[in-house]
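In short: position in the sequence shown from 1, add 353, done, that's this note's numbering.
Glycine residues also receive a C-beta, built at the ideal position from the N, C-alpha and C atoms.
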Amino acid sequence: MLSMRGRGEGRLMAAKLVCGLLAVLLLVSSGLAQKTDAEKAATRDYVVAQGFQKKRLYANAVTHWKTFLAAHPKSVRVPAVRLNLAVCQLQLKQYPESVATLKQLLKLHPQYKLADRVQFNLGLATERLAGASGKAADFEAAAVEYGRVPERFPKSPFAIQGRFLQAECLFSAEKLQPAIAAYGSALALKPPASLEPDILYGLGTAQEQFEKHAEAAVTYQRFLKTHAKHPDAAEITLRLGLCLFRQKKYAESQPLFARAAAVANFAQADLALLQQGHAMRQQQKLAEAAAVFESLPKKFAKSAFVAESRVAAGKCRFGVKEYVKAQQVLAPVAADPKAVEGAEASAWLGRALVKLKKPADAVVVYDKAIAAHAKSPRLPELVHFRNEALYAQPTKRVESAAGFLAFTGKYPDHELAASALYMSALSHLQIEKPALSLSSAEKFLGNAKLAKHELRPEVFYVGGQACLLGEKPDWAKGETLFRGLIAGFPKHEHVPAATVRIGYCLYRAEKFEPAVAHLTAGIPRLADVSLKAEAGLLLGRSHQAAKRSPQAIAAFRAALAAAPKWERADELLYVLGAALKDDGKLTEASAELTKLQRQFAKSVFRDRTLYELGDIARLQKKPDPAVALFRQVVTGFPKSDVAPLAQFGMGAALYEKADFKAAAASLKQLVDKYPKHVIVAQGRRLQGSCLRELKDFAAAAVVLQAYLATKPAPSAELAADARFELALCQVGLKQHKPAITTFNAVLQAQPKFAQKDNLLYELAFAYQATDQLPQALAAYRRLVAEVPTSPLVAESWFRIGQAVEKSGDQKLLPEAEKAYTEGLKTVKKPAVRESLLYQLGWVQYRQERYPEAVAQLGILLKEFPKGDQRGEALLLCGECQYLAKNWKEAVVHFEQVVGDPKATERARALYRAGTCHLNLQSWPLAQQRFETLVKDFAKYPQLPAARYGLGLALQKQNQLDRAVPVFEQVTKETNTEAAAKARFMIGEIAFSRKQYKVAYENFLVAAFKYPYEEWQAKGYLEAGRCFKELKDNDKAREMLGTVIKKFPKRSEAKSAAQVLATLPKSKSKSKSK
């Protein structure tokens, strides 16, 4: 095929531009003014360098130009020198240096009057650099530089050339779309007649390569219209023809190819002639095309297209059934080991020989071609046609069948695969390999291109029979094939058998209703007794499978009556017993099956009969006889197809007997012995339940996951049930995150899951275990909303309330209260009710609604006087009363907790009871409670406060000597407010004893040491009183003044002012007055 560019790549302008530019530079530079001595010296050096450059001694010139730049950096000739330096570097192929020089020139002298030429030369140097590297990026860089010529210098004589060469560089960079745009821009600049053909050529080839054949055709037509005598006109004519050919405009392309082929000395005339033949062949002018193809070797004996033209001629001759001529023209190419077209020539040559009744000769041709062209893309054709040549020889059918089958596997997408499929189906049927025949027939019939093939009815028959006889029957396909035979060919001899086979296929495909309808309608039309009996058996089985036992029983009895000595009478007895079992008539079923055992001792249904009898025993809740019967099947008929069912039956009977360990072992044997049986899925499911009952959660999870991965997948309901059990195992393994995923998968798949309440409850707990409280709340809320009658609703409300409380948001407490209240409406479990009552009281307490909390807790204490939360309820009641300052009512509840030596909150109750007694001024009782607390609960967090309470109780009873060391102990144990109060009370005791110095020291320690405003104010006040008693009025004034100044808003400030008023006036103040 024609290369994308065949005329020197469009670079003719480059050398011309360099020389022209150089001449201009030398001419301009020689006319520069010479004014100063420095400039005169520069001129002399310039002339020397110029001399070397004129003599094409570019290396010497480069040296002198560089010397000039170093010696005369301020000369007016510097721009011209740099440009000459770049030209010399370009001539020396020092492209990077030339590019650098030109860029420096543009940077240092942007207003240079020859800047457009500099820019153009920069594009040229960059392009030469790209040509050396071959990198697309370098060509793109050159395109940028060329593009700057028309962009920056639109009036430059180099603008059009710059745009054209920009397009050429983009083409070289394979940036075709930008190149097309650049060529168009160059044309828009109205290029001279000398340049326009190059631009049109470039544009057309770019469009052609970009597969814009219609646009390329327009461009080529413009070329030919305006430049008909251009040297490239013949090539453009050929290209125009190719563009039209690619648009399937064969009639329009034909004369163009002919015109190009007729051009004298046109290098590609042979290609044009070849394309002329192809255009004629596409128009089905086969004889004329053959003549054109055959003329090419004569006109162009050394053409690269000689072999291709001969093959094309041979195909045309074959198409007009001129097989001898086809053989003659194809044979030389097929025999040429160097011919690329040798494989194709051999394929057509062999076919011609088969048509000439020479299949053995064809095989020889194909064998040689296959060996010679093992890597040819036409190898599949050679292989297929060789198989056809073998099939044409009756003694080679086995070999041909294998060959066709191998072809369909190796080349499934090849255009000859359909023919190979048909031949494979036919030949494999003939050599009695139905499975392979079915595979090929199925693929054949599925090919729409073969819908009207003359052998289609036989393929239906072959395929249908293969479906029934193959190792892996395909009932649906068999039905389709037999129906296709009956519908398309109703008088065919195989129609009666096909009618029964359709019923069989429907039954085996579990399409029971269609099977019943088909057989009921078909039986009356069957004349053959055996076919009638078989159809009756199938009809009964279909009714049985559709769970219509009465109709099945009737069909079986009718079949027995129609053919009592039928060779399959034992089978009829078996299915009759099974139908009676399905109808719930277990005793009658057992009788029929037992009859079969007696009358047909060697029946092939003995294993099934034992299984059915075992299943009947299981249905009768007789697990031990059932296990025994199932065991007879497993041990006596280990290879029976019901042995897996019997093994499962054993496991199920043991499970129903609650012997989970034995059941699990039996079911494991099922999985190990019969891993591919369909019942294994149910076995795994039941095995998982057994293992979970045994609390072997890890093993149970593995088994349940295997069950869920079963193909075909279990029903949605069964899968959901198994996933729920799997999630419970994951919870048992503390794998809460996987459990959450599993629970949610069940909910998504089965929104109305039977155990939805249990699932949501477990899901919520799993969320809580992973600290996902919002999700846990959502699960609980779904439970109470979607399963309102569940016994778990009350507990869910309880969990909702707890979760809301744990959020720590005080604003959400009403929501928690509402949850507990809702739970109390439906609760039935006493333990849950007690917890709800307590939590309701607790949340009311947290909202400071103490009376309501007390009332709620009172209900709890009344209903559950010995409940688990009695102590907590009493304590909380006391707290409510305490905070309401109902000391008398509070202490009653606290004392009840104190009276229970096992109460977990006894320490807090002692503390609160002691405090209440203090407030009730029951000093001895307060003393007793605090003493017990201090003695029995040495690590109680509020121990210093309790000790302070003890000290206060002793002080109030005037047991001052005992009180002081207690207060001292408090100050040693803590720096809290209890210590401040204790220190103050020591001062109080000292004051009461008139030990004023000791008293004020303790008062001031309370004021100085502890950051509690109340005790600081009281400390200063009482210290002032001490100093007053000690007659130290100045100190007294100082202490009292401190109170007034530091604590002006406290009541102590007023008291201080009153005491201060009783002091005599200061002498210093009197003197000042």
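Just to check my reading of the structure: residue i and residue j have Cβ atoms closer than 8 angstroms, yes? What is that Cβ distance to the nearest angstrom?
| i | j | result |
| --- | --- | --- |
| Gly-1176 | Trp-1195 | Contact flag wrong, Cβ pair sits at about 14 angstroms. |
| Leu-459 | Ala-468 | 7 angstroms |
| Lys-905 | Ala-886 | Before going further, note that residue 905 is Ala rather than Lys in the sequence given. Wrong, their Cβ atoms sit about 15 angstroms apart, outside the cutoff. |
| Ala-1006 | Val-980 | 5 angstroms |
| Ala-778 | Ala-804 | Rounded, the Cβ-Cβ distance is 16 angstroms, inconsistent with contact. |
| Leu-925 | Leu-913 | 5 angstroms |
| Phe-760 | His-737 | 6 angstroms |
Less than 7 angstroms between the CB of residue i and some heavy atom of the ligand FMN, yes or no?
| i | result |
| --- | --- |
| Gln-519 | The model depicted lacks the ligand FMN and carries no ligand whatsoever. |
Exposed or buried, which one is residue i when buried takes at least 16 other CB atoms within 10 Å?
| i | result |
| --- | --- |
| Leu-879 | buried |
| Phe-351 | This structure gives no information on residue 351, because the portion of the chain shown stretches from 354 to 1426. |
| Thr-1142 | exposed |
| Lys-1292 | exposed |
| Glu-1009 | exposed |
| Ile-1153 | buried |
| Gly-404 | exposed |
| Val-377 | Note that Val-377 has pLDDT 38, beneath the 50 cutoff, so the model's placement of it is unreliable and the number below is only indicative. Classification of Val-377: exposed, given that the 10 Å Cβ count is below 16. |
| Gln-1192 | buried |
| Lys-825 | exposed |
| Gly-1340 | buried |
| Thr-479 | buried |
| Arg-409 | exposed |
| Gln-1274 | exposed |
| Asp-1162 | exposed |
| Ser-662 | buried |
Please report the distance separating the alpha-carbon of residue i from that of residue j.
| i | j | result |
| --- | --- | --- |
| Val-957 | Leu-758 | 37 angstroms |
| Glu-1391 | Leu-1383 | 14 angstroms |
| Gln-406 | Ala-559 | 39 angstroms |
| Val-1180 | Phe-1106 | 23 angstroms |
| Ala-916 | Ala-922 | 8 angstroms |
| Ala-692 | Ala-660 | 7 angstroms |
| Ala-642 | Phe-653 | 17 angstroms |
| Glu-1158 | Ala-1122 | 16 angstroms |
| Glu-1326 | Tyr-1349 | 26 angstroms |
| Asp-1025 | Gln-950 | 30 angstroms |
| Asn-800 | Gly-816 | 14 angstroms |
| Lys-578 | Pro-550 | 11 angstroms |
| Tyr-1373 | Lys-1398 | 11 angstroms |
| Lys-543 | Glu-521 | 17 angstroms |
| Arg-592 | Tyr-573 | 8 angstroms |
| Ala-614 | Gly-667 | 21 angstroms |
| Arg-1199 | Glu-1248 | 22 angstroms |
| Ala-898 | Tyr-1114 | 39 angstroms |
| Arg-704 | Pro-1065 | 48 angstroms |
| Ala-1129 | Phe-1118 | 7 angstroms |
| Leu-946 | Ala-754 | 48 angstroms |
| Ala-657 | Ala-483 | 33 angstroms |
| Tyr-1427 | Leu-1236 | Residue 1427 cannot be examined here, being either before or after the span of the chain that is shown, 354 to 1426. |
| Lys-749 | Leu-743 | 5 angstroms |
| Gln-985 | Leu-1071 | 30 angstroms |
Is there a Cβ from chain D that is less than 8 angstroms from the Cβ of residue i?
| i | result |
| --- | --- |
| Asp-398 | The displayed structure is made up of one protein chain only, and chain D is not part of it. |
Suppose the cutoff is 8 angstroms on Cβ atoms and the five residues either side in sequence are ignored; what does the same chain contact list for residue i look like?
| i | result |
| --- | --- |
| Lys-446 | Arg-481, Ala-485 |
| Ala-1034 | Tyr-1060, Thr-1063, Pro-1067 |
| Gly-856 | Ala-868, His-871, Leu-872, Gly-875, Ala-888, Leu-891, Leu-892, Ser-895 |
Could you pull out every residue in the same chain whose Cβ sits closer than 7 angstroms to the Cβ of residue i, ignoring the five residues on either side in sequence?
| i | result |
| --- | --- |
| Val-1412 | Gly-1377, Arg-1378, Lys-1381, Leu-1393 |
| Leu-639 | Cys-669, Gly-672, Val-673 |
| His-1089 | Ala-1119, Ala-1122, Thr-1123 |
| Val-502 | Asp-469, Gln-472, Phe-473, Gly-476, Ser-509, Phe-511, Ala-512, Gly-515 |
Excluding the 5 residues preceding and the 5 following residue i in the sequence, name in chain order all residues of the same chain whose CB lies nearer than 6 angstroms to its CB.
| i | result |
| --- | --- |
| Phe-619 | Ala-587 |
| His-1482 | Limits of the chain in this structure are 354 at one end and 1426 at the other, which puts residue 1482 out of reach. |
| Ile-723 | Leu-735 |
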